[in-house]
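Visitor:
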Amino acid sequence: PFMPRFAFEFFTDELEARAAPEEVAMTDVVEQWKALLDEDRKRYKQLAEADRQRFESEYEDWRLRRVSEKGVLELPIEKLIDQRREEVERKLGQL
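Take the sequence shown: its letters are residues 175 to 269, numbered as in this note's numbering.
1) Just to confirm my understanding: we take Pro178, look at its own chain, exclude 5 residues before and 5 after, and list those with CB closer than 6 Å. What are they?
2) Assuming Ala191 is part of the alpha helix (DSSP H), what are its boundary residues?
3) Could you tell me the distance, in whole angstroms, from the CA atom of Arg239 to the CA atom of Pro250?
4) At the level of alpha carbons, what is the spacing between Arg258 and Tyr233?
5) Could you tell me the alpha carbon to alpha carbon distance between Glu223 and Gly267, rounded to whole angstroms?
6) Within this structure, are the beta carbons of Trp207 and Phe185 separated by less than 7 Å?
7) Between which two residues does the alpha helix (DSSP H) holding Ala199 run?
8) Taking the alpha carbon of Glu252 as the point to measure from, which residue in Val246, Glu260 and Gly245 has its own alpha carbon closest?
Listed below in structure tokens is the structure:
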């Protein structure tokens, strides 16, 4: 299954849809994200939560199939999402 997307990623996609990707500097996107009010972020957080629920449903089914079919035990959801969050935060921290 596709990994869940974070609120920031939905925000980034929306900005890029309004402008040519080469016109959107990631440092500007980060600054715009930081400047958003909580009520403005709410929509992106709701999108991210819905995507996480989709992923959790798909992942558990997939994870159980992997164990039964191949004997492979994949990471629990929380650990997998934590690793992804750390990766995104590390990339943003480099900006």
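Yeah, the Cβ is synthetic: ideal placement off N, Cα and C, and Gly gets one too.
Guide: Working from what's here:
1) Only Asp225, Arg226 and Phe229 meet the Cβ criterion.
2) Ala181 to Arg192 is the span of the alpha helix (DSSP H), which, as asked, contains Ala191.
3) The straight-line gap from Cα to Cα measures roughly 14 Å.
4) Cα atoms of Arg258 and Tyr233: separation of roughly 14 Å, rounded to the nearest angstrom.
5) Cα-Cα distance, rounded: 23 Å.
6) If you check the CB distance, Trp207 and Phe185 come in under 7 Å.
7) Looking at the DSSP string, Ala199 is not in any alpha helix (DSSP H), and its letter there is neither H nor E.
8) When only C-alpha atoms are compared, the closest one is Glu260.
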